[in-house]
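*Asks:*
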Amino acid sequence: MKTYKELPKDAGSNIIGQVTAQANRISTRLASVKYTIAIMSGKGGVGKSAVTVNLATVLTLSGFAVGVVDADINGPTIAKMMGVRNTSLEYVESGVKPATTSLGTRVISMDLLLSDDDAPVVWNAHTQKDAFTWRPTMEVGALREFIGDTDWGELDFLLLDLPPGSDRLPNVVELIPNLSGVVVVTIPSDVSHLIVKKSITMARDILKVPIIGVVENMAFYVCQHCGEHEQLFSADDTSFQQITLGKIPFDPKLSLCNDNGTPYVHEYPKSLASKSISEVSQKIQDFFNI
Amino acid sequence: MKFLCIDCDTAMKFKDVTRPEQGSVTAVFECPECFTEIAMFLNPSETQMLKSLDLKLGGSNAAAQPMQLIRSQLETSKPDMMTDTDTSESAEGGKCPFTSVISDAFEDQSEPEPDGVKWTPEALERLDRIPSFVRPMAKMGIEGFAKDNGHTEITAEIMDAARGNFPAQF
Numbered sequence: 022m023k024t025y026k027e028l029p030k031d032a033g034s035n036i037i038g039q040v041t042a043q044a045n046r047i048s049t050r051l052a053s054v055k056y057t058i059a060i061m062s063g064k065g066g067v068g069k070s071a072v073t074v075n076l077a078t079v080l081t082l083s084g085f086a087v088g089v090v091d092a093d094i095n096g097p098t099i100a101k102m103m104g105v106r107n108t109s110l111e112y113v114e115s116g117v118k119p120a121t122t123s124l125g126t127r128v129i130s131m132d133l134l135l136s137d138d139d140a141p142v143v144w145n146a147h148t149q150k151d152a153f154t155w156r157p158t159m160e161v162g163a164l165r166e167f168i169g170d171t172d173w174g175e176l177d178f179l180l181l182d183l184p185p186g187s188d189r190l191p192n193v194v195e196l197i198p199n200l201s202g203v204v205v206v207t208i209p210s211d212v213s214h215l216i217v218k219k220s221i222t223m224a225r226d227i228l229k230v231p232i233i234g235v236v237e238n239m240a241f242y243v244c245q246h247c248g249e250h251e252q253l254f255s256a257d258d259t260s261f262q263q264i265t266l267g268k269i270p271f272d273p274k275l276s277l278c279n280d281n282g283t284p285y286v287h288e289y290p291k292s293l294a295s296k297s298i299s300e301v302s303q304k305i306q307d308f309f310n311i
Numbered sequence: 164m165k166f167l168c169i170d171c172d173t174a175m176k177f178k179d180v181t182r183p184e185q186g187s188v189t190a191v192f193e194c195p196e197c198f199t200e201i202a203m204f205l206n207p208s209e210t211q212m213l214k215s216l217d218l219k220l221g222g223s224n225a226a227a228q229p230m231q232l233i234r235s236q237l238e239t240s241k242p243d244m245m246t247d248t249d250t251s252e253s254a255e256g257g258k259c260p261f262t263s264v265i266s267d268a269f270e271d272q273s274e275p276e277p278d279g280v281k282w283t284p285e286a287l288e289r290l291d292r293i294p295s296f297v298r299p300m301a302k303m304g305i306e307g308f309a310k311d312n313g314h315t316e317i318t319a320e321i322m323d324a325a326r327g328n329f330p331a332q333f
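One line per chain: the protein sequences are A and B, in this order.
Per my numbering, residue 22 is the first one in the first sequence, and the count goes up by one each step.
Per my numbering, residue 164 is the first one in the second sequence, and the count goes up by one each step.
Here you go:
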């Protein structure tokens, strides 16, 4: 009797062909993207999305063609922060047209597809029982379609805003094996650094993805009265010093801009935080010798 | 997964797949030598996993449509999630081949009667009135309530009794 290995690879479903076709859709799409960068942390609440939005805006204002993928499938915020929540996506033969901000940044987010403000992402299934067995797969599938089926056009930068968790980057690398690099966001606290270190190890040592650098968000607070720099957090750990791209001060106006959908760096270009974000943008360009 | 016809010592080939019934699909394989057929049943979890991977049993000749997984499987989507301005025609001659591609593969035509619990038409009508984004959770909760209380059929009265357990109104 024949053994497993002696039988043909496929009984007629051409599963390998289907999976290959899915991968090809991404590689074909990304052929017109120069640099694909994941913005990650591992830790939640450090301001990854705010950094992504403002970095994308600075790069756009510098004349680059920029796209943003909100890779946080279950907690999408990018569309609101970039002021494109009310966009109706357009489906054309070449893909789905992304939402475009008034400045020209292209955006795709699950938030653009959900029915209501209070609607969570619920996938069609005969039963939601045991959804933990298939939901992560569905989410990776959704991310694959966001990257591969959005009609990005020619892009200089495609930024992926990842949700928290050091397990997220491996999914992205599965989809984009030649990821250009990662920008890691942290706040100056030992707790944050503890998690961020794991993410860096995952990216650099296990996945072999270039670390562009670390952005220290909410690095300090500028007193509105005396202009003195006050520490909001303090970290004894200094392990990121050599790869720090910039230190962004906390500014309450940044949060207001996020709520209003008006990128902070465009509203307050002369602020200290905007200057820091611009420096980060420049260091990213330096990293790629642009 | 591969299947062997032991009598012929020949690999069986995929022949057909049914639409899901209560979340489960049936794939039929045939021996190309003696034409013996076997049926493979995928349980709802296996079916759902295949669906999540956006893979089609038996393959598909239709070209993948943009965001077909999201558009077919996101239950809490906007009714007008995307405007179709595609001017190309599908092989079937329709404007958007996407729907048929998905429904052929995975659309579950069965009534929502999982795990032996049945719904009366009146209860189903009320279930349909629950906002779509909480409906799956509400449905699961009502079915759990019915089973916990020894009911095999969900009626409007049982929905009333279960109502106190859920934040959603129905």
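All C-beta atoms in this analysis are idealised placements derived from N, C-alpha and C, irrespective of residue type, glycine included.
Note that the structure is a prediction, hence the values are computed from the model and not measured.
Could one say the Cβ of A100(A) lies closer than 8 Å to chain B's Cβ atoms, at least one of them?
*Replies:* Translated into the one-based positions of the first sequence, residue 100(A) becomes position 79. Chain B, which has no Cβ nearer than 8 Å to the Cβ of A100(A), makes this no.
*Asks:* Starting from the beta carbon of P229(B), find every residue of chain A whose beta carbon is closer than 7 Å, and list them in chain order.
*Replies:* As a working mapping, residue 229(B) is identified with position 66 in the second sequence. Neighbours of P229(B) on chain A, chain order: Y112, G116, V117 and D170.
*Asks:* Is the beta carbon of L200(A) sitting closer than 8 Å to the one on A59(A)?
*Replies:* For the purposes of this step, residue 200(A) is taken as the residue at position 179 of the first sequence. For the purposes of this step, residue 59(A) is taken as the residue at position 38 of the first sequence. Yes, they are a contact pair.
*Asks:* Determine which residues of the stretch 148-172 of chain A have a Cβ less than 7 Å from any Cβ of chain B, and write them out in chain order.
*Replies:* T148, Q149, K150, D151, T154, W155, T158, M159, G162, A163, E166 and D170
*Asks:* At a CB distance below 9 Å, what residues from the stretch 41-61 of chain A approach chain B? Give them in sequence order.
*Replies:* A42, Q43 and R46
*Asks:* Measure the C-alpha to C-alpha separation of N310(A) and P119(A) and round it to an integer number of angstroms.
*Replies:* For the purposes of this step, residue 310(A) is taken as the residue at position 289 of the first sequence. For the purposes of this step, residue 119(A) is taken as the residue at position 98 of the first sequence. Those two C-alpha atoms are separated by around 28 Å.
*Asks:* Find out if the Cβ-Cβ distance for the pair L124(A), H250(A) is shorter than 8 Å.
*Replies:* As a working mapping, residue 124(A) is identified with position 103 in the first sequence. As a working mapping, residue 250(A) is identified with position 229 in the first sequence. No, they are not a contact pair.
*Asks:* Taking 8 Å as the threshold (C-beta atoms), are A77(A) and V90(A) in contact?
*Replies:* Along the first sequence, one-based indexing puts residue 90(A) at 69. Along the first sequence, one-based indexing puts residue 77(A) at 56. Cβ distance not < 8 Å, so V90(A) and A77(A) don't count as in contact.
*Asks:* Does the CB of I37(A) have a neighbour CB from chain B at under 8 Å?
*Replies:* The residue given as residue 37(A) occupies position 16 in the first sequence. No, because no Cβ of chain B sits closer than 8 Å to the Cβ of I37(A).
*Asks:* Could you work out which residues of chain B lie near V142(A), taking near to mean beta carbons separated by less than 8 Å?
*Replies:* Residue mapping note: residue 142(A) aligns to position 121 of the first sequence, counting from 1. Those within 8 Å of V142(A) in chain B are L237 and T239.
*Asks:* Do three or more CB pairs link the stretch 231-245 of chain B to the stretch 124-134 of chain A at distances below 8 Å?
*Replies:* yes
*Asks:* Count the C-beta pairs between the stretch 297-306 of chain A and the stretch 192-204 of chain B that are closer than 8 Å, then say yes if the count reaches three, no if not.
*Replies:* No: fewer than three Cβ pairs fall under 8 Å.
*Asks:* Could you tell me the boundaries of the alpha helix (DSSP H) in which V212(A) lies?
*Replies:* For the purposes of this step, residue 212(A) is taken as the residue at position 191 of the first sequence. From DSSP, the alpha helix (DSSP H) with V212(A) extends over D211 to T222.
*Asks:* Could you have a look at H287(A) and say whether DSSP puts it in helix, strand or coil?
*Replies:* Working through the first sequence from its first residue, we reach residue 287(A) at position 266. Looking at H287(A) - three-state DSSP - the assignment turns out to be helix.
*Asks:* Going by beta carbon distance, what residues of the same chain come within less than 7 Å of P284(A), once the five residues before and after it are set aside?
*Replies:* Here residue 284(A) refers to the residue found at position 263 of the first sequence. Excluding positions up to five away in sequence, the list reads V74, N75, T78, M103 and C278.
*Asks:* With contact counted as at least three CB pairs below 8 Å, one residue from each stretch, are the stretch 90-101 of chain A and the stretch 227-240 of chain A in contact?
*Replies:* no
*Asks:* Report buried or exposed for S215(B), applying the criterion of at least 16 other Cβ atoms within 10 angstroms of its Cβ.
*Replies:* Residue numbering aside, residue 215(B) sits at position 52 when the second sequence is read from its first letter. Under this definition S215(B) is a buried residue.
*Asks:* Taking G234(A) as part of the beta strand (DSSP E), name the residues at either end of that continuous run.
*Replies:* Along the first sequence, one-based indexing puts residue 234(A) at 213. Here the beta strand (DSSP E) through G234(A) covers I232 to V243.
*Asks:* For E251(A), which three-state DSSP category applies?
*Replies:* Along the first sequence, read from residue 1 onward, the residue named residue 251(A) stands at position 230. Residue state, collapsed to three classes: strand.
*Asks:* With DSSP collapsed to three states, give me the class of I60(A).
*Replies:* Here the question's residue 60(A) lines up with position 39 in the first sequence. The three-state reading of DSSP puts I60(A) in strand, counting E and B together.
*Asks:* Please classify E114(A) as buried or exposed, where buried requires at least 16 other C-beta atoms within 10 Å of its C-beta.
*Replies:* Taking the first sequence and counting its residues from 1, the one referred to as residue 114(A) is at position 93. So E114(A) ends up on the exposed side.
*Asks:* Using DSSP with H/G/I as helix, E/B as strand and the rest coil, what is S48(A)?
*Replies:* Counting from one through the first sequence, the residue named residue 48(A) turns up at place 27. Three-state result, S48(A): helix.
*Asks:* Going by alpha carbons, who is nearest to H214(A) out of T265(A), L28(A) and G116(A)?
*Replies:* To locate residue 214(A), count along the first sequence from 1; it is residue 193. When only C-alpha atoms are compared, the closest one is T265(A).
*Asks:* D172(B) and K30(A): beta carbons closer than 8 Å?
*Replies:* Against the second sequence, residue 172(B) aligns to sequence position 9. Against the first sequence, residue 30(A) aligns to sequence position 9. No. Outside cutoff.
*Asks:* Using a 10 Å radius around the Cβ and a threshold of 16 neighbouring Cβ atoms, would you call V188(B) buried or exposed?
*Replies:* Counting from 1 along the second sequence, the entry for residue 188(B) is found at position 25. By the 10 Å Cβ count, V188(B) comes out buried.
*Asks:* With a cut-off of 8 Å, does the C-beta of L287(B) fall near any C-beta of chain A?
*Replies:* The count along the second sequence starts at 1 and reaches residue 287(B) at position 124. Closer than 8 Å: no.
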